[in-house]
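Residue numbers (the working numbering), protein chains in the order written: chain U, 2 to 357; chain F, 2 to 357; chain E, 2 to 357. Note that beta-carbon positions come from the ideal geometry of N, C-alpha and C, so glycine has one too.
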Amino acid sequence: MLKYLLLALVPVSLGLHYLEGQPVLVFLTGAAAVAVLADWVRRGTEGLAAHAGPAIGGLLNVSFGSVAELILALFVLASGQVAVVQAQITGSILATTLLGLGLAMLVGGIGREKQEFNPANAGLLSTMLILLMVAMLLPAVFDLTERSTATPGDALITDEQLSLGIAAVLLLLYVANLVYTLVTHRDVFSREEEEGGEGPGWSVAKSLGIMVAGTALVAWEAEAVSDALSATAEQLGLSTVFLGVILLAVVGTAADLFAAVVFAKQDRMGLAFSICIGSAVQVALVLAPLLVIISWFLGHPMNLVFHSPLDLFAIAGAAFIVRAVAGDGRSTWFEGLLLVGVYVMLGLAFFFLGPA
Amino acid sequence: MLKYLLLALVPVSLGLHYLEGQPVLVFLTGAAAVAVLADWVRRGTEGLAAHAGPAIGGLLNVSFGSVAELILALFVLASGQVAVVQAQITGSILATTLLGLGLAMLVGGIGREKQEFNPANAGLLSTMLILLMVAMLLPAVFDLTERSTATPGDALITDEQLSLGIAAVLLLLYVANLVYTLVTHRDVFSREEEEGGEGPGWSVAKSLGIMVAGTALVAWEAEAVSDALSATAEQLGLSTVFLGVILLAVVGTAADLFAAVVFAKQDRMGLAFSICIGSAVQVALVLAPLLVIISWFLGHPMNLVFHSPLDLFAIAGAAFIVRAVAGDGRSTWFEGLLLVGVYVMLGLAFFFLGPA
Amino acid sequence: MLKYLLLALVPVSLGLHYLEGQPVLVFLTGAAAVAVLADWVRRGTEGLAAHAGPAIGGLLNVSFGSVAELILALFVLASGQVAVVQAQITGSILATTLLGLGLAMLVGGIGREKQEFNPANAGLLSTMLILLMVAMLLPAVFDLTERSTATPGDALITDEQLSLGIAAVLLLLYVANLVYTLVTHRDVFSREEEEGGEGPGWSVAKSLGIMVAGTALVAWEAEAVSDALSATAEQLGLSTVFLGVILLAVVGTAADLFAAVVFAKQDRMGLAFSICIGSAVQVALVLAPLLVIISWFLGHPMNLVFHSPLDLFAIAGAAFIVRAVAGDGRSTWFEGLLLVGVYVMLGLAFFFLGPA
């Protein structure tokens, strides 16, 4: 039921947008509507994937799994707010790895001595976190090194070239990861604990229709949200970076966070872990590279150079603390609280940065 | 016997102070006297705690465990030497995690193939090290990020606000840690190997009297030491930062270092590990936040922005090398030597920095 | 047979050098000849070591194991190209830890579910990687800290003093490591899987002769290579740093890379791991300190201050990703691919830096 009711957010937010309502309301309802629509597009994709074989199905899920976030990011990008998109990428990684996993471990761990999850999966995903940390920090370090020798113009060009090269490597590694977990090491990673299983049971036509309609609506909402962004930030006395890194990111990953906490409460910690860390890996290994490549074709190139030391530190800190907490395949409520604590400290830092 | 003899340091150092003796002698005897008195205050606290229940007792131990260091730091702070206090915090963490644990593993490991300790405890404490690394580095990264946009005056205010926020989060996490190790997961962390047990067996009055007298004497000594600090540095041709980060820190943690080595020699490595890393965690999670909050009330605010890259690198390096060495719950003499080696390299770096 | 044929590279490269052939050809054939000769010197050393006891033999192997790289580096240093030598040190570490180990895991892992190797050894070597990371980054952090207070002249002197101090500590730790793995913990690290065993079975005279002749030829080639370096870089449109960090390093470690892949293919992953990570540790703990000390005696001092953030980041990134991948003593093809992927990304960054 809830999932139909939530669709009401779509007309409400678009109505507010065209009636020129409060930007804050447009922003919040629009961002929530994007999250709701993203869930429908994902369900449509699963419906379609169920009609294909596992390989094509996996590819479909990957390609369209982040399509809503991608569209939202492209609209924000087109309005020239590169820093907000980068903040959203950072924010998604922080929200899933620290807040989502932390809350799941905290809620799931209360009343239990510990919760265990597949150590092979925990090891792989926390290794991927270190990889994505290297990949996300490298362009900034490159830019810093280069600035001492190159002219600014040349620097911009090589920044872009390096970002494109890294994006290509990341996408290749992601495909290899699919081959690894779905083909050669299927047995090791087959989750006893499957989430729902084979999709919503829709026909091909219905699935396709929902995907197309949902994606179109996401684009419409994305325009409204990115229009309202600056005015919202000003009205709330917050920086647009804070909006991107905390508000947009939490709204955008709310469905994942909620699912992770529910599964953890049911003592299915392995699934909660896969959702949270898998989502962060998806953002860094698929969404960010696609944004780099698509934005380059669109003539609005976004590179991967995160200029804010705070962004870089937050990503590295998240990778290290998650590895420390989860590397052993066990969790307790206190470990969850540590993750939430780190999230709160980073959130405070982004908050006090103030309107830039 | 020794513990009574060492009390002679108190009149000696105070005498030298008021007779205007060599600052170097005042500094060294005063610092040693603070360490001796700190041990007496700790014993008084344990005596009092033994009369309370475990929860109140634990709280007492936490509140007064670092009271001597806290007082010393506040006096140094009041004399305007913020960098020395920050150096002392860094130095305490390095001395316990690298020098103390390293010597314990080295001495304990000679003649033994390996020494083992509770992996649950090793895992928790080395995770806490990563947490404290994030918390200690965050304000500096924030300050760096902010400086590109904010005016210096605004930057100082937000630095202070962020430090207060982080201090509050750290104190909350520390309380949660007590609940975790003393209440919900008592069995996992109950040390078969208890240190002494239920305190010195003093009456409430005697315990209280020793606590109060000891604390007052610490304050007196602290004044003498902080007065002698600059002159000592000048006479020895060293920087005050080196004095804080190496000399004050080693003197201040000497009792812990000594105890850790003795326990390791007796093959009670788990206890040695808890003393060393527990002490570092206590400094970062209790002492540093309290200093931020109390100094703010006193109108001499100290924030957590460590301006020296060397301090930040040393803390991060210590956290990573300790995790690498101790994460598996086993140690050998060579691993101990590696820790000592890193301490020596960092000490050389602080030495060569010279008088700033 | 091949090993005799490859010797033809020596006359070819020297001929090209004196006939003033294309610098690119001189550089490539010369670098390859150094690698071939290094292998002969190593074999001579093993031949001599087989006639000594294990302790003296071990010492011999350590002292002469890197003699070819050392000579090449000293010639490049004498021609004033400090940055190239530092790049070669970085490059050797990256080539063995990321490319070599990555290819070995990738090739060895295809068709196998996983490969296992001695976890004691994996743990020790990956801890050493963290140690060398701290040691290699410390001088740069020191330099950065110092520059805010000291005059440039003083800074250079203390940089040099600190580098000498760190070099001494590293050499001591390396000797202790030999005592640890060859004496006190021999049983833990005795490899069931020995590489060849007791050397080539040569007489003392033959071994000595080959060592001396090989070393002399290396010196001759080294002169040719370092002469051709700048012209080669210019002709290929690459920076000398890129030549050092990628080309020279891959050529210099080619024998190790090849051996590691062959052993991994035979499912002797432990040996492949020891070769790759052991080689990186040898570079950081023996070669780099010796270069600092010898270059100081020669009056062309090289310190350990790596000025390029990219070098520092690459070393740290390599240490963390190798620990994440190999810390558990197991490997799969995908983990190998992750290492290769990180190497490619870092290589792209060094490539796009362009001629400085």
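Take residue 280/U and list the residues in its own chain whose beta-carbon comes closer than 6 Å to its own, dropping the five residues that flank it on each side. 97, 257
So which residues on chain E does residue 311/F lean against when the C-beta distance must stay under 9 Å? 139, 142, 143, 145, 146, 147
For residue 1/F, list the residues DSSP reports as bridge partners. Chain F is shown from 2 up to 357; residue 1/F falls before or after that span and cannot be answered.
Using a cut-off of 8 Å between C-beta atoms, extract the partners of residue 162/U located in chain E. The answer, in chain order, is 353.
For the alpha helix (DSSP H) containing residue 216/F, list its first residue and its last residue. 205-237
Which same chain residues, not among the five before or five after residue 41/U, have their C-beta less than 7 Å away from its C-beta? Here the set comprises 211, 215.
Can you find the residues in the same chain that come closer than 8 Å, C-beta to C-beta, to residue 358/E, ignoring five residues on each side of it along the sequence? Nothing about residue 358/E can be read from this structure; chain E reaches only from 2 to 357.
How many Å lie between residue 143/E and residue 166/E at the Cα? 13 Å
Using a C-beta cutoff of 7 Å, does residue 1/F count as contacting chain U? Chain F is shown from 2 up to 357; residue 1/F falls before or after that span and cannot be answered.
CA-to-CA distance, residue 255/E to residue 201/U, given in whole angstroms: Roughly 54 Å between the two C-alpha positions.
Please determine, among 23/F, 73/F, 158/F, 274/F, the residue with the shortest C-alpha to C-alpha distance to residue 253/F. The candidate whose alpha carbon is nearest that of residue 253/F is 73/F.
Tell me the rounded alpha-carbon separation between residue 20/E and residue 311/E. If you draw a straight line from the Cα of residue 20/E to the Cα of residue 311/E, it comes to about 38 Å.
Check distances from the C-beta atoms of the stretch 298-330 of chain E to those of chain U and list, in chain order, the residues that come in under 7 Å. 309, 310, 311, 314, 318, 321, 322, 325, 326, 329
Would you report the Cα separation of residue 350/E and residue 163/U, rounded to the nearest angstrom? If you take the alpha carbons of residue 350/E and residue 163/U, they lie about 6 Å apart.
Taking only runs of the beta strand (DSSP E) that begin and end inside the stretch 19-75 of chain E, which ones reach a length of at least 3 residues, in chain order? Taking 3 residues as the minimum length, the stretch 19-75 of chain E contains no beta strand (DSSP E) run wholly inside it.
In three-state terms, what does DSSP make of residue 1/E? With chain E represented from 2 up to 357, any question about residue 1/E goes unanswered, as that position is not in the structure.
Helix, strand or coil at residue 152/U according to DSSP, with G and I counted as helix: DSSP places residue 152/U in coil when its eight states are reduced to three.
Amino acids of chain F, ordered along the chain, whose beta-carbon sits closer than 9 Å to that of residue 166/E: Listed along chain F, the residues sitting closer than 9 Å to residue 166/E by beta-carbon distance are 345, 346, 349, 350, 352, 353.
With respect to the alpha helix (DSSP H) encompassing residue 182/F, which residues constitute its N-terminal and C-terminal limits? Unbroken run through residue 182/F: none, as it is neither H nor E.
DSSP three-state call for residue 196/U: helix, strand or coil? Residue placement at residue 196/U cannot be trusted, given a pLDDT of 49 that sits under 50; what the coordinates show is reported in the next sentence. Secondary structure of residue 196/U (DSSP, three-state): coil.
Cα-Cα separation between residue 302/U and residue 128/U, rounded to whole angstroms: 29 Å
With DSSP as the reference, label residue 296/F as helix, strand or coil. helix
Taking Cβ-Cβ distances shorter than 7 Å, what residues in chain E pair up with residue 335/F? 177, 178, 181
Residue 89/U in three-state terms, based on DSSP: If DSSP states are grouped into helix, strand and coil, residue 89/U belongs with the helices.
Segment limits, alpha helix (DSSP H) that includes residue 257/U: 255-266
CA-to-CA distance, residue 130/E to residue 277/F, given in whole angstroms: 24 Å
I'd like to know if residue 342/F contacts chain E, where contact means its C-beta is closer than 7 Å to some C-beta of that chain. yes
Where residue 337/U falls: helix, strand or coil (DSSP): In the three-state scheme derived from DSSP, where H, G and I count as helix and E and B as strand, residue 337/U is classed as helix.
Cβ of residue 105/E within 7 Å of Cβ of residue 273/E? yes
Using a Cβ-Cβ cut-off of 7 Å, state whether residue 193/F counts as contacting chain E. Because residue 193/F carries a pLDDT of 42, less than 50, the predicted location of this residue cannot be relied on, and no value is offered for it.
Does DSSP put residue 269/F in a helix, in a strand, or in coil? coil
Could you give the first and the last residue of the continuous alpha helix (DSSP H) run that contains residue 106/E? 102-110
Check whether the stretch 110-126 of chain U touches the stretch 283-292 of chain U, taking contact to mean three or more Cβ pairs, one atom from each stretch, closer than 8 Å. no
What I want to know is whether the C-beta of residue 257/F ends up closer than 6 Å to one or more non-hydrogen atoms of the ligand ZN. Absent from the structure shown: the ligand ZN. Ligands present: none.
So residue 6/F is in the alpha helix (DSSP H); what residue range does that whole segment cover? 3-6
In this structure, how does DSSP classify residue 342/F when only helix, strand and coil are distinguished? DSSP places residue 342/F within a helical segment (H, G or I) once states are collapsed to three.
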